[in-house]
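Under the UniProt record's numbering, the first residue of the sequence shown is numbered 1, with each subsequent residue one higher. Structure first, then comments.
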Amino acid sequence: MLNIAHTFYSKLYTKRPTCTAAQQHFLQHVTPKLDSNDDTLGKPITAEEVLNTIMQMSLGESPGPDGVSVEFYRSCWRVIGQDLTDVINTIHSSGAVLDEMKRGTVILIHKKKRHNTAEELPPDLVA
1 MLNIAHTFYS KLYTKRPTCT AAQQHFLQHV TPKLDSNDDT LGKPITAEEV
51 LNTIMQMSLG ESPGPDGVSV EFYRSCWRVI GQDLTDVINT IHSSGAVLDE
101 MKRGTVILIH KKKRHNTAEE LPPDLVA
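Written out as structure tokens, the structure reads:
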């Protein structure tokens, strides 16, 4: 069973060559579109925006690889809110992201009652 799962996910996550001609053909038919919100994309993110995002996140979910839950961010917002916003803006403006922040954990979550094939165990990324 382990070999079957290993083979399936190795194939699934192996990089395949890109067909440049097909990519260019597709992109020729895409029309760039800008709207009134685009001028805000380069502006610093506000603490209010960060808090609004945190408040929209579901409670009781598993934390990411860092072990920090949504409940922590909500309960400690008054203490960490501005620092967290500053970190987010530094990353946003510099593009410098720690390698640890680029990692996630892939876990298999059972989606059906019976699991006869690896395809029935779709991976979810815990970021």
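Ideal placement from N, C-alpha and C gives every residue a C-beta, glycine not left out. Since this is a predicted model, take the numbers as computed values, not measurements.
| Query | Result |
| --- | --- |
| 8 Å Cβ cutoff met for Ile45 and Tyr73 | no |
| Host alpha helix (DSSP H) of Arg74 (start-end) | 70 to 75 |
| Own chain partners of Leu103 with C-beta closer than 8 Å, once the 5 adjacent residues on each side are dropped | The identity of residue 103 in the sequence shown is Arg, whereas the question assumes Leu. Answer for Arg103: Pro65, listed in chain order. |
| Among Gly42, Glu71, Cys76, Lys33, nearest to Ser94 - alpha-carbon criterion | Gly42 |
| Test item: CB-CB of residue 129 and Thr90 under 8 Å | In the structure displayed, the chain extends from 1 to 127; residue 129 sits before or after that span and is not available. |
| Continuous alpha helix (DSSP H) stretch holding His25: start and end | 20 to 28 |
| Spatially closest choice to Val68 from Thr40, Met101, Pro17, Glu49, by CA coordinates | Met101 |
| Alpha helix (DSSP H) segment containing Tyr13, residue limits | That residue, Tyr13, is in no alpha helix (DSSP H); it is neither H nor E in DSSP. |
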